[in-house]
Amino acid sequence: MLPAHAMWAQSSAVSGHVMDNSGAPVQNADVDIVSTATNETHAVHSNGDGYFLFPPLTPGKYVVHASAPTFARYTVNDFTLEVGTPRALEIKLQAESAVQSVEVTASAPELVTDHPDRGNVIESKFVQNMPLNVRNPLQLVNFAQGVTAYNSQSGNNEQSQAFTNTFRINGGKLATTESLLDGASNTTTYDYNAAAAIPQVDSIQEFKVLTTAYAPEWGRTSGGIVTFATKSGTNEFHGSVFEYLRNSLLDANGYNANAAGTPKKHFQRNQFGYAFGGPVLLPRLYDGRNRTFFFSTYEGLRQSQAGSFLGTVPTTAERTGDFSKTMATNGTLIVMYDPRTTRLDASAPAGTTRYIRSPFPGNIIPAGYLNSTGLAILSKYPQANRAGQGASNTNNFFSNANTGSTQNNINLRIDHRINNRHSIFGRFNWFQRNNLNPDPYGNGFSYVAGNQRLPGYNTMIDHTWVLNSRMVFDHHILYSHQESNRSPQSLGFDPTTLGFNANVIAGLPSTTFPTVTANRISSMGPTGGLEKDYGTTWQYAASLTHLVGRHSLKYGFDYRYFSVGLDIAQLVTVSAAGNYTGGPNPQAAAGASGSGAADLLLGAATVNSGYAAATIASHPYFAGYGQDEFHITPKLTLTYGLRYNLELPDQEAKNQYVYLDLTTPSPLNSQVSSLGTLTGGPGFVGANGVGRRLQTTQQSNFDPRFGFAYRVDELTVIRGGFGIFHAPAVDLANASQGYAAVTTSNPTLADGVTPQFNLSNPFPSGLKQPTGNTLGLNTFVGQNISGSERRQRISYSEQWSLDIQRQLPGNFVVTAGYVGNNGLHLYQPVNYNQLADSKLALGSSLLATVANPFYGVITDPTSPLSAAKVQQGQLLRPHPQFLNMMATSGVGSSTYHALQLSVEHRYSHGLALLAAYTFSKMFDNVGDYLTTAQFQNNNCPSCDRSISSQDLTHVLRISGQYELPIGRGKAILHDGFVGELLGGFTVGSFYTYDSGLPVTLSSPNNCNCFGGGTSMHPTVTGIPTAVPNGRQIRNGGLYFNPAAFTATAPYQFGNAPRYLSDVRAPGTNNFDMLTSRRFQLPERTSLDFRVEFFNAFNRVQFAGPNTNIASSSFGQIFLTQANTARQIQASLRLNF
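Oh and the sequence shown: position 928 is 1086 in this note's numbering, straight run, nothing missing.
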């Protein structure tokens, strides 16, 4: 076909070639294109080689005219443009003497003949008529081939910006997908590259998923591109109002709830709004037809969901110290021991130290022993309101705990054509979501996070300047801002009213009721402190497209500035585990002894309080690119170019950032010489000659790209390409350690078992103050530390593809292809203070206690390195003065190979279809950005390479819509009463099947390797994993053979794969559908009634098997429903 410059993401690119019947180019031909909706007209001339180029155009329908002296006028009707999809016109003019004019009707843009990018365009009508739970258009990403999504369309969560970081495209990692809205960036670093704004369904003109994009204008992604174009107004006023309803009356009950005889819980969601657009008309002042247009939408959401709380509160007697009726489940008395009677046990074996306690007489704590703060805390629990269960009287309190959500979303777009050379548009989007959490205790002290408010807005202005018929300049500026504000229900509560000393909250920016956890009773107090977070993005991007002969050149620049503020207040926490009233041996208390409530009453509990670091981080991103689409022959087009990315590391406003220094000699060397030269510790930016940025700047981020499209014949195209793509920079490490300080009380005397009863005054010396960078490498010495890697590499991927497209009769297109992706320098937390593997040969001697050379040097009583003796393994660590030393490191890699097949039919004759099948295999050695996975052996990251946690061998997705050919304007019964009665029906569906995710096994951590992963792999026995008599899908049935694995021996690492390719959890088999009926009303109005079914056949997808090798049910599956039961949503829409 003809050369078309690379895509404008918010619009469409049109270029073409004018020639005569012999194929010779026609110079200076007049070519114009006219929008059928707005009458917007653009006129250009063909160059010396017959090529022409239009400026970026809004997706929609157009008419194209071409003419030249001595040639007949040529017209193309119904010329359709799609978002981000270039179209090339091949115009053959005929001699005026042979014919007066030529008119052709363009077909839907099915076959891609002139560029190598792979993706799927979802048209507005398709978006509107698909079953979408919560009306979240980002769920449409699931329709594309090569997409592996965490989110199902059968969920019942409110819309969330975070949806865009919970899917991967063609083997890319989570949180690496670029999201564009009207061509501008729609991602934020505030929430790991989540979408900054979710466009409303009614505001979307078209939506495209680019699964592989070789044009260098695309960047800052290693996982595909999701781009939306919003609607513009037209010369006529159009709009709609709507209401969507989902409630528990229509929904099915869950599988497990049915089995237990539990009725459905109340649920109701209402979504409502309007869409309205047209020309800007100001009576007697301005007539914007053919020039100025607007389109506005609003959508609101109101949701309530019934919940319940069943918990255990202290009885009236227990609140005053009477535990004489506190029983275990077997009816035996839970004995409360008096910690004041703690003494050495004279009957202990010789050479050992053992303690013993005596019980309280009558199991009642004397009134004189009661602590005023403990009494006050227990008094805040609500009174029991139901009989407890069994002898233990558990679950003696019940309340309704309803949750709710509200959301408002407004979008306004204005387009204005200044003249034939200049056009602008602006868009403003405002949204706010409120999550309302329950208060089951009814006193503001419930164990919940508190209410959350998430406002934000996203606005941009774009200007297009047609410099001449061969050169177009386009640029835009964007500003986006999102917030997350959480207010605990007890915000402002003064803990000193409970009897706490003022030291507990001295200097804290906010106070709440303390978070109380105590065994044998339910927790109380907030689960999260006051939160004030935000993320802001600025972007300026510009591009110049220049048509030179057979070359369509494009140069561009992309500048972004990201700013993130994080401020989450530290909570005061009180923990009472029942240890101090357990006995008779406090070091090995009997199960039926001790109570957290009794510990509180004695004032024997652990208290934490302190200061969190409030940070404001920012960094810029720069990119420049040049590309060429070279039309070598009428059949072959090459796309090639280079992109350069420069993403600077974060810089914190007050230099409150820490990196992990592994090489600098420690200041402790002057005090401790027996361990050789000690190195490492926290490094601080902005100090000791270190720059202010968190990491050193990586400057080698070049992204070469190459692709081709070869038209074999009129119906067949072969396309392929290769490119390097740098991902967004992400760091999950705690980068502010040292600028926060948590003080933990010391609740015991020197013997470690006798409490100090200091609950009311846990910090007699006050709270620890953040030390900042004043202690240098000695900051948090003796503790766990974390920071960023100073020379962290930015992740990137190598992507390639080869496919063949064939157009079939009836506007069907079949595409078959191969896709590959290598991910390099992928991130995962690494512990840099793990024992060397060779040290494990020392076996049990690693746990032996030896003289501690840090005794008297490290004095923090909460550190094991402050004691006179320490385990030998600790001293053999690479940096023995610290415990774990964590940093996010780019030591991961991944490989993805896939064969993909798709069948597509764009909307015509009432039918639209998109079917995509992917057969793939993915390997990696790391988890995703959004997980806390760790390597089993930090000394050997490659040893964790296995099938990926997100590998799905088979994925089939079929989505389609069909307008029944019955009724007015249709082929069947288009006249008469029967046609009116049966006409106007549309059906749509979305079917998803996949073969299930691989499972991972966990084994007891017997490694004793001082810094190994949190979960060990088991050891393979050589016995096959298959169940000898076949897999049993029933409660307690064997899903895989547990004899295939055994627990790994101490001081060794397991050899089982990280994930098992031959054992997979049950896969997805889901069918969503809708049916709608349009009723035609007078005056160009209509009413749509629609019903949507999510999980229409109410299929149950069970959770995976028990994978804990230490469990007695290891290898067994239990019939726990993992998906959501059928949900039904009904709606009414009035169109005008």
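Backbone N, C-alpha and C define an ideal beta-carbon position, used for all residues, glycine too.
Chain-order list of residues whose beta-carbon lies under 7 Å from that of residue i (same chain, five-residue window excluded)
i       : result
Pro598  : Phe467, Ser557, Ala559, Ser604
Ala320  : Low per-residue confidence applies at Ala320: pLDDT is 49, beneath 50, and the placement is therefore not dependable, though the value from the model is reported in the following sentence. Around Ala320: Asp349, Ala352.
Val299  : Val305, Ala307, Phe325, Val367, Val384
Ala607  : Asn595, Arg644, Pro684, Thr685, Gly686
Leu439  : Asp445, Gly446
Gly1068 : Tyr1120, Glu1121, Pro1123
Gly1048 : Gln950, Arg951, Ser953, His983, Leu984, Tyr985
C-beta atoms of residue i and residue j nearer than 7 Å
i       : j       : result
Thr388  : Asp340  : yes
Phe555  : Ala762  : no
Arg1291 : Phe430  : no
Thr1172 : Gln1092 : yes
Leu636  : Gln697  : yes
Lys283  : Tyr1065 : yes
Ala781  : Asn803  : yes
Glu641  : Pro667  : no
His789  : Thr795  : yes
Ser170  : Leu211  : no
Thr238  : Lys250  : no
Phe1168 : Leu998  : no
Secondary structure of residue i, DSSP reduced to three states
i       : result
Thr388  : strand
Ile1116 : strand
Asn300  : helix
Ser204  : coil
Gly754  : helix
Asn309  : With a pLDDT of only 44 at Asn309, under 50, the local geometry of the prediction cannot be trusted, and no value is derived from it.
Asn1228 : strand
Leu1033 : helix
Ala525  : helix
Arg477  : helix
Gly397  : strand
Leu826  : helix
Asn969  : coil
Tyr599  : coil
Residues bridged to residue i (per DSSP)
i       : result
Met682  : Val674
Trp588  : Ile568, Tyr615
Arg644  : Gln610, Glu689
Thr773  : Leu724
Val1145 : Tyr1120, Thr1233
Ala253  : Phe229
His639  : Tyr615, Thr694
Asn980  : Glu956, Thr1053
Tyr402  : Gln429, Ser1289
Ala1129 : BP columns for Ala1129 are empty, so no partner.
Arg245  : Val172
Ile514  : Arg501
Met485  : Leu491
Proximity test, residue i beta-carbon vs the ligand ATP heavy atom, cut-off 6 Å
i      : result
Arg708 : Judged by which ligands are present, the structure shown has none, so any question about the ligand ATP falls away.
Any C-beta of chain D under 7 Å from that of residue i
i       : result
Ala1006 : No chain D appears in the structure shown, which is made up of a single protein chain.
Contacts around residue i, its chain only, beta-carbon distance under 6 Å, and the 5 residues preceding and following it disregarded
i       : result
Asp961  : Arg877, Thr973, Gly975
Gly714  : Glu375, Ser701, Tyr783
Thr1243 : Phe1294
Phe586  : Leu570, Thr617
Leu1072 : Phe301, Glu1062, Ser1117
Own chain, CB closer than 8 Å to residue i, minus 5 neighbours either side, in chain order
i       : result
Gly940  : Phe1012, Ile1016, Asp1018, Ser1021, Pro1022, Leu1023, Ser1024, Gln1039, Phe1040, Leu1041
Gln311  : Note that Gln311 scores a pLDDT of 38, beneath 50, so its modelled location is shaky; the value from the coordinates is reported in the next line. The answer, listed in chain order, is Pro289, Leu290, Asn291, Gln297, Asn300, Phe1148, Thr1150, Asn1228, Asp1230, Phe1252.
Gln745  : Arg512, Tyr513, Val911
Ala1056 : Gly304, Asn328, Gly329, Tyr976, Val977, Gly978, Thr1076, Phe1077, Ser1078, Lys1079
Integer-rounded CB distance, given that residue j should sit under 8 Å from residue i
i       : j       : result
Gly1137 : Ile1124 : 6 Å
Arg949  : Gln853  : 7 Å
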